[in-house]
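Participant:
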Amino acid sequence: MDLRNKTLCASGFHAPERGKIDVLDDVLIDIGADGAIRAVHRPSDPNYRTIRDAREDTGELVTLPSGSYLLPGFVDLHVHAPQYPQLGSALDVPLEVWLQKYTFPLEARYEDIAFAKRSYNLLVDDLLANGTTTALYFGTIHQDATRVLVDVCLEKGQRALVGKVAMDNADECPDYYRDASPEAAIEGTRSLIDYIRAHPDNGDGRVLPVITPRFIPSCTDATLEGLGALARECGCHVQTHCSESDWAHGYVKQRHGKTDAEMLDQFGLLGRRSVLAHANFLTSDDMERVRTREAAVAHCPLSNVYFANAVFPLRAALDKGVHVGLGTDISGGPSASMLENCRGAILMSRALESGVDPNLGGEARATFGPAQIDFRDAFYIATTGGGVALDLPVGQFQPGYLFDAIVIDTKAEKGSVRLFDELDAGEQILQKIIYTASKANIASTWIGGQNLRLP
Ligand code: GUN
Ligand code: FE
C-alpha cells in the first residue's frame, strides 16, 4: 500500500549509530506526501495512544502483521550494472586479467541497446527484490546504454546514482572499449549529468548523476583533471576504485609516485560526496586523508576475496570515524544480495582477525589485530553507513529521512528465517534476519513511501 500521507504501525530495527541497534516496538511512523518521515511515535510517548486512535478513525493507519519486521532498505554502494550477466562466473583470474579477458568484452556489448535494456531491467528488478532501495551504479562508457539504466531506475522507482564510466587510457583500455579522448570522457560525463538532471520523470531527484572515472589506471591525467574540475562545477557525487589490489595499488605508485588517495585528492576527486570502492591498501595517512575529506569507502567483502589479495580493515576504519558503506561489487562479488554481503563482511572480519593458515600456530596465525565486527556493524554499513556515505537522508527511520524501507516476513514458508517465540526477542531477531534471511522473506518494499510492485 502507498504510505504517503499515512501512518505505519510497525515493529522493526534501524541503526542510527554504529554499534547500537534501535529496536522499534509498535512505533507509529508518519509519512508525508513527499515520501519523507514526519514523525516517529513510540509507545512510551504520552500522546501515542491518542495519535494511534485518531489515525485509526481517519483510516490513515496501516499496521504490519505480527512476525513482520520493518528495516531500512539496503544501500548498495558499489554496483557495476553492466556486469550482471557475468554474476557468478569469471572468478578464476586476477583483477587485471579479469578486466581484459571477461569484463571489457562484456561491457563493450552495451553498444547494443536491446542488450542493455534486457540486462538492466533484469538487474534492477532483482536488486529491488533483494531489498536494495538505493544503488550506486557504474554504467559503461556508452551514452545511450547508460541513459537506458537511468530510465529503467526511474520507471521502476529505484533510488539510484548513475555514472557513465570514463576510461580513455590507451595503455590500459582496449581499442574496442574506451573513450576516444579526454574530451569524449569529460563531455560524455557532462552529457549524462545534464540528461539525468533534466529528465522529465526525475522531478524529485530520485536518480542522481555520478562522475565515474573507472580507476586511475584506466584514465589519462587529462581526464582525471577534467573530471575533478567537473565535480567542482556540478557538485555531484564521484565514484571510483581505490587501491583495490596489489597490482592496482602498485600501478598508481609507479605512475605517479603517490598513492591512489593522494592522487585522487590532487585531481579534485576526493570530497564529501566521493565513494572509493574497496580501498584495501590505504596507508594510515590515506585513511586520515579520506576521513578529513569526509569521503567514503564502499566495502565489498565478497569481491575482496576474489580480486583484492586482501580484506579492507573495516573495523579500524569505523573506529577512526571514516564513512563506510557496503557494496556487492556486482560482478566482482558473486551475489546481488546485500544480506549475503553483510554475512560476507562478518565472515571476512573474523578471518582477518584470526588468520586462516592452519600451519601457523596461535599467535603467528593471528597477526592483524582486532578486526572482528558483528551483525550490528554489518547492518549499520548496509543501511545508515550507505546513507551517510552518499550524504542522502536514507537508511534510518528519523524525521526528515525518506521512507525507504523493506518488510522481512519471518513467517514466510519459503523463506529461510526460523524464529522460536520462546528463544527469540529484541535484537536477537535482527541477528537471525541478518544471518539467515533471503529474498523470499522480503515481503514489501517502499521507496519514498511508494510501494513497489515487484515482479
Ligand atoms: N577496477 C577497475 N574496474 C573494476 C571493476 O569493474 N571491478 C572491480 N572490482 N575492480 C575494478
Ligand atoms: Fe568494482
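Under the working numbering, think of the first position of the sequence shown as -12, with each following residue one higher. Just so it is clear, CB atoms sit at the ideal spot from N, CA and C, and this is done for glycine as well.
1) Taking 6 Å as the limit between beta carbons, can you name the residues of its chain near HIS1, skipping five residues before and five after?
2) Using a threshold of 9 Å, state whether the C-beta atoms of GLY19 and GLY342 are closer than that.
3) Where does CYS229 sit, in a helix, a strand or coil, going by DSSP?
4) Shortest alpha-carbon distance to MET335 belongs to which of ALA323, HIS286, ASP378 and LYS307?
5) With a 10 Å radius around its C-beta and 16 neighbouring C-beta atoms as the bar for buried, classify TYR163 as buried or exposed.
6) Counting only runs that start and end within the segment 178 to 237, where is the alpha helix (DSSP H) found for 4 or more residues in a row?
7) What are the boundary residues of the beta strand (DSSP E) that includes LEU313?
8) Decide yes or no for the touch test of the segment 107 to 118 against the segment 155 to 171: beta carbon pairs closer than 8 Å, at least 3 of them.
9) Determine the DSSP secondary structure at PHE61, reduced to helix, strand or coil.
10) Looking at the secondary structure, which residues open and close the beta strand (DSSP E) in which ALA26 lies?
11) Could you pull the DSSP bridge partners for THR50 from this structure?
12) I'd like the list of long-range same chain contacts for ALA167, defined as Cβ closer than 8 Å, with 5 residues on each side in sequence excluded.
13) What ranges does the alpha helix (DSSP H) occupy inside the segment 127 to 164, keeping only unbroken runs of at least 4 residues that lie completely in it?
14) Does the ligand GUN have even one heavy atom less than 8 Å from the beta-carbon of ARG219?
15) Residues in its own chain within less than 8 Å of ASN34 by CB, not counting five upstream and five downstream?
16) Any chance the CB of SER324 is under 8 Å from a heavy atom of the ligand FE?
17) Quick one: is MET(-12) buried, meaning 16 or more other Cβ sit within 10 Å of its Cβ, or exposed?
18) ALA218 to GLY46, Cα distance in whole Å?
19) Round the Cβ separation of PHE390 and LEU64 to the nearest angstrom and send it over; I've been treating them as touching at under 8 Å.
20) Considering ILE395, what are the terminal residues of the beta strand (DSSP E) in which it resides?
21) Is ALA427 helix, strand or coil by DSSP?
22) Should the segment 197 to 205 be called in touch with the segment 224 to 243, which here means at least 3 C-beta pairs below 8 Å?
23) Could you tell me the boundaries of the beta strand (DSSP E) in which ARG11 lies?
24) Less than 8 Å separating the Cβ of GLY373 from some heavy atom of the ligand FE?
25) What's the C-alpha gap between ASP378 and CYS221?
26) Got a sec: is the Cβ-Cβ distance from ILE203 to anything in chain B below 9 Å?
27) Are there any heavy atoms of the ligand FE lying less than 8 Å away from the beta-carbon of HIS265, as far as the coordinates show?
28) Could you tell me how far apart the beta carbons of THR315 and VAL62 are, in whole angstroms, since I believe they sit closer than 8 Å?
29) If I follow the unbroken beta strand (DSSP E) through ALA283, where does it start and stop?
30) Would you grab the beta carbon distance between SER55 and ALA338 for me? Rounded to a whole angstrom, and I think it's under 8 Å.
31) Quick check: the Cα distance between VAL239 and LYS245, rounded to an integer number of angstroms?
32) At a cut of 8 Å, does the segment 350 to 363 reach the segment 299 to 311 through at least three beta carbon pairs?
33) Within a Cβ cutoff of 6 Å, which residues of the same chain sit near PHE362, ignoring the five residues on either side of it in sequence?
34) Quick one: what does DSSP say VAL343 is sitting in, helix, strand or coil?
35) Following the continuous beta strand (DSSP E) through TYR89, name the residue where it begins and the one where it ends.
36) Could you tell me which residues DSSP pairs with VAL66 in its beta bridges?
Facilitator: Well, looking at it:
1) ASP9, PRO59, GLN383 and PHE384
2) no
3) strand
4) HIS286
5) exposed
6) 208 to 221
7) 310 to 313
8) no
9) strand
10) 24 to 28
11) CYS(-4)
12) ASP155
13) 130 to 143
14) no
15) HIS28
16) no
17) exposed
18) 47 Å
19) That pair is no contact at about 20 Å.
20) 392 to 396
21) helix
22) yes
23) Reading off the sequence, residue 11 comes out as Leu, not Arg. That run of the beta strand (DSSP E) goes 9 to 18.
24) no
25) 16 Å
26) Given the protein chain composition of this structure (a single chain), no chain B is represented.
27) yes
28) Rounded, the Cβ-Cβ distance is 11 Å, inconsistent with contact.
29) 283 to 286
30) SER55 to ALA338, Cβ: 34 Å. No contact.
31) 7 Å
32) yes
33) GLN418 and ILE421
34) coil
35) Note, TYR89: premise wrong, no beta strand (DSSP E); not H, not E.
36) TYR124 and ILE317
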